C-alpha cells in the first residue's frame with residue numbers, strides 16, 4: 012500500500028509505517044518475522060553454489076594475509092588469525108568437506124560465523140552477495156551435491172532454473188568432527 016494513499020488517514024499511516032519499520036529491522040537482523048522474504052549470503056565451494064542465512068554470517072572479509080598454523084591440527088584447519096583484535100579459528104570449508112583445498116585467489120573470502128561460543132572464519136571460494144528468496148521458493152528437500160555436505164543442508168531455495176542449497180552454519184559448528192580439529196595420536 013502506498014503511503015501517499017494514507018496521507019488523509021493518520022492512524023492507518025502510522026500503522027503502515029510501524030509495519031514497514033518492523034519488517035526492515037527483521038531483515039537487517041536476518042529474522043524471517045514480519046516478512047515473506049528470506050535473505051541469505053550466497054557463496055561458492057568449487058563449482059557449487061550455496062546460501063547461508065544472513066543471521067548466521069556476521070561479516071564477509073578477504074582472507075587474512077597472516078594465518079598462524081596450529082601444530083597438530085588437521086589440514087583443513089588453516090590456523091588462527093587476528094581480525095580486528097579478535098582471534099578467530101580459520102577453517103577451509105571445502106577441505107573440511109573432503110573436496111580439496113580452497114584456492115586463495117582474489118575471489119576467496121572468509122565468512123565470519125555469527126557465534127560467540129565458537130569464533131570461526133570459514134574460507135570459501137567466492138561470495139556472491141545477498142540472495143533474497145520468497146518463502147514459497149523454499150523446499151525442505153535438499154538437492155544432491157557433488158561436495159558431500161548433505162549433513163549440513165537444510166533444504167534449498169528454487170527460483171526458475173536456479174537451485175540454492177541452504178547450508179546451515181550452526182549445524183557445522185555443532186558437528187563433533189568439526190569441533191575435533193586435532194590430529195589423533197595414531198594418525
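Numbering (the numbering used here), first residue to last: 12 to 198.
Ideal placement from N, C-alpha and C gives every residue a C-beta, glycine not left out.
Quantities reported herein were computed from a predicted structural model and do not represent experimental measurements.
Can you give me the C-alpha to C-alpha distance between residue i and residue j, rounded to a whole angstrom?
i, j, result
"residue 128", "residue 66", "15 Å"
"residue 118", "residue 151", "30 Å"
"residue 142", "residue 70", "15 Å"
"residue 199", "residue 134", "Only positions 12 to 198 of the chain appear in this structure, which leaves residue 199 out of reach."
"residue 159", "residue 64", "20 Å"
"residue 33", "residue 145", "18 Å"
"residue 115", "residue 138", "13 Å"
"residue 149", "residue 55", "19 Å"
"residue 51", "residue 16", "33 Å"
"residue 25", "residue 147", "29 Å"
"residue 53", "residue 60", "7 Å"
"residue 166", "residue 173", "14 Å"
"residue 19", "residue 29", "17 Å"
"residue 81", "residue 89", "8 Å"
So, under 8 Å CB-CB, residue i and residue j are touching, yes? Tell me the CB distance rounded to an integer number of Å.
i, j, result
"residue 97", "residue 130", "6 Å"
"residue 154", "residue 181", "The pair is not a contact, with the Cβ atoms about 20 Å apart (cut-off 8 Å)."
"residue 105", "residue 112", "7 Å"
"residue 168", "residue 62", "6 Å"
Can you have a look at residue i and say buried or exposed, based on whether 16 or more other CB atoms are within 10 angstroms of its CB?
i, result
"residue 122", "buried"
"residue 170", "exposed"
"residue 79", "exposed"
"residue 47", "exposed"
"residue 156", "buried"
"residue 58", "exposed"
Just list the residues that DSSP pairs residue i with in beta bridges.
i, result
"residue 97", "94"
"residue 144", "49"
"residue 72", "121"
Which first and last residues belong to the alpha helix (DSSP H) in which residue i is found?
i, result
"residue 176", "Where residue 176 is concerned, there is no enclosing alpha helix (DSSP H), although the beta strand (DSSP E) it sits in stretches over 173-178."
Do we get a CB-CB distance below 7 Å when we pair residue i with the residues of chain B?
i, result
"residue 59", "The structure shown contains no chain B; it holds only a single protein chain."
Taking residue i as part of the beta strand (DSSP E), name the residues at either end of that continuous run.
i, result
"residue 187", "That residue, residue 187, is in no beta strand (DSSP E); its alpha helix (DSSP H) goes 187-190."
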